[in-house]
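Here the structure comes first, spelled out in structure tokens, and everything after it is commentary.
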Amino acid sequence: MANPQEKAKVAPIIIAIEPFGGSLRNHMPQLPLIFFDDAAVTRGDGIFETILLHDGQPINLDQHMQRFQHSARLLDLPEPSQHVWLRATEEAVRQWSALSHEDATCTWAYTRGRVSTGIPSAWLTVSALDTKIYQQREHGLSVITSPRGYSIDTTLASSLAEQQTAPWLAIGAKTLSYAANMAAQRYAIAHGFDDVIYVDGDRVLEATTASVITVRGKKIRTPLAKNGDIMTGTSQAAIFSYAEKHGWNCKLKELDLDYCFNKADSVWLVSSVRGPVRVKRINDKKLPKPDNETAVRTLLNTAIMQA
2 MANPQEKAKV
12 APIIIAIEPF
22 GGSLRNHMPQ
32 LPLIFFDDAA
42 VTRGDGIFET
52 ILLHDGQPIN
62 LDQHMQRFQH
72 SARLLDLPEP
82 SQHVWLRATE
92 EAVRQWSALS
102 HEDATCTWAY
112 TRGRVSTGIP
122 SAWLTVSALD
132 TKIYQQREHG
142 LSVITSPRGY
152 SIDTTLASSL
162 AEQQTAPWLA
172 IGAKTLSYAA
182 NMAAQRYAIA
192 HGFDDVIYVD
202 GDRVLEATTA
212 SVITVRGKKI
222 RTPLAKNGDI
232 MTGTSQAAIF
242 SYAEKHGWNC
252 KLKELDLDYC
262 FNKADSVWLV
272 SSVRGPVRVK
282 RINDKKLPKP
292 DNETAVRTLL
302 NTAIMQA
């Protein structure tokens, strides 16, 4: 997973998908793809998944498909056909592999579609990884902590004596509405950091596009969600599944900053494309390099790649 030495990036592969009939067509990256009245543009009303392509294979595909279909159900979108999306992915991977042997990002996008037609829009892209991903894999990253700026509560008070779930919140869906997350990343970069870890008081939640995990001895922990305030991570799930089979104690548990600073041997951000990246600094506190950094990174990488 080293930084490639290719001088020229390969042009993205774009495949437009007909969500009901299942037909596929290549789309030129120099031309626009979606219409002015598509819900992706006007409302951010849609879902997506981002998948790593490594050695010509999509990684952790089953977990991504399960979350993709779950997200569609939460947004009342027609269920995406597993057969169609896997066929499109296979074709895109075939085309990419004919052009490059480097890692790539495969992104699925599925929206409510145009106002004028009511037919969902669907496409996938395969593109080269950003160079900063290779840099962070190799050198680690620094983060600042910040509250989200809002709280998540899935209950709706229908009377003084009764509460029911607010069904429209779509907690757990991986939606296109990532503007706040991207703004948080830009803020971090403007202040000399690489990313943000969201906190609720002293309670650790997640990063803008990654899960947080900690390692202490043979224990691996990730923050426990409350009221759906943490996105279930496909990479985190793969790590837990693999590590438990190899003698590690893995748990979802409430984590605070004191644990990250003073008890954990190491803190990591894990995501599908970036993989496991060690956090070297949180706010103004440097986190020491653990003796087992290489072994832990190998474990986490192996878990993700074999999912």
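Following the working numbering, the numbering of the sequence shown begins with 2 at its first residue and continues without gaps. From the three backbone atoms N, C-alpha and C, an ideal C-beta is built for every residue, glycine too.
Asked                                                                                                                            : Found
C-beta atoms of Ile198 and Val205 nearer than 8 Å                                                                                : yes
Span separating the alpha-carbon of Ser101 from that of Asp259                                                                   : 44 Å
Assigned exposure category for Gly119 - 16 Cβ within 10 Å defines buried                                                         : exposed
Cα-Cα separation between Arg68 and Thr209, rounded to whole angstroms                                                            : 18 Å
Presumed contact (8 Å Cβ cut-off) between Leu125 and Ala99, rounded CB distance                                                  : Between Ala99 and Leu125 the Cβ distance is about 17 Å, and since that is not below 8 Å, they are no contact.
Outcome for Ser72 when other beta-carbon atoms lying within 10 angstroms are tallied against a minimum of 16                     : buried
Minimum C-alpha distance to Ile134 - residue among Cys107, Gly173, Val278 and Gly57                                              : Val278
Assigned exposure category for Leu161 - 16 Cβ within 10 Å defines buried                                                         : Low confidence applies to Leu161: its pLDDT is 47, below 50, so where it sits in the model is not reliable enough to give any reading.
Per DSSP, cross-strand counterpart(s) of Glu50                                                                                   : Trp109
Pairwise C-alpha distance: Arg138 and Asp201                                                                                     : 27 Å
As assigned by DSSP and simplified to three states, the class of His247                                                          : coil
4-residue-minimum alpha helix (DSSP H) runs that sit fully inside the stretch 48-88, ordered along the chain                     : 62-75
Distance CB(Arg113)-CB(Asp46) smaller than 8 Å                                                                                   : yes
With 16 other Cβ atoms within 10 Å as the buried cut-off, status of Gly234                                                       : buried
C-beta atoms of Leu178 and Lys281 nearer than 8 Å                                                                                : The residue you asked about is not Leu; residue 178 is Ser in the sequence shown. Going by C-beta atoms, Ser178 is not nearer than 8 Å to Lys281.
Candidates Gly141, Ala185 and Tyr243: closest to Val268 by CA position                                                           : Gly141
Inter-residue CB distance, Ile305 and Asn61 (contact presumed, cutoff 8 Å)                                                       : 7 Å
Which residues DSSP lists as bridging Thr126, in chain order                                                                     : Ile15 and Thr108
Separation of Lys254 from Phe49, as counted between CA atoms                                                                     : 27 Å
Three-state class that DSSP yields for Ala162 in the structure shown                                                             : In this prediction, Ala162 has a pLDDT of 48, which is less than 50 and means its spatial position is unreliable; what the coordinates show is noted afterwards. Coil, per DSSP.
Burial state of Leu130 (16 or more Cβ within 10 Å)                                                                               : buried
Same chain, Cβ closer than 8 Å to Ala184, neighbours up to 5 away in sequence not counted                                        : none
Cβ distance (whole Å) where Cys107 is taken to contact Val85 below 8 Å                                                           : Between Val85 and Cys107 the Cβ distance is about 15 Å, and since that is not below 8 Å, they are no contact.
Contacts around Ile35, its chain only, beta-carbon distance under 7 Å, and the 5 residues preceding and following it disregarded : Ala41, Val42 and Ser122
Whole-Å CB distance - Ser212 paired with Val297, under 8 Å assumed                                                               : 15 Å between Cβ atoms; not a contact.
Cα-Cα separation, Ile190 to Asn284                                                                                               : 13 Å
Beta-bridge partners of Asn27, as assigned by DSSP                                                                               : Ile16
Cβ-based neighbour list, Leu301, same chain, cut-off 6 Å, excluding 5 preceding and 5 following                                  : Ile240 and Pro277
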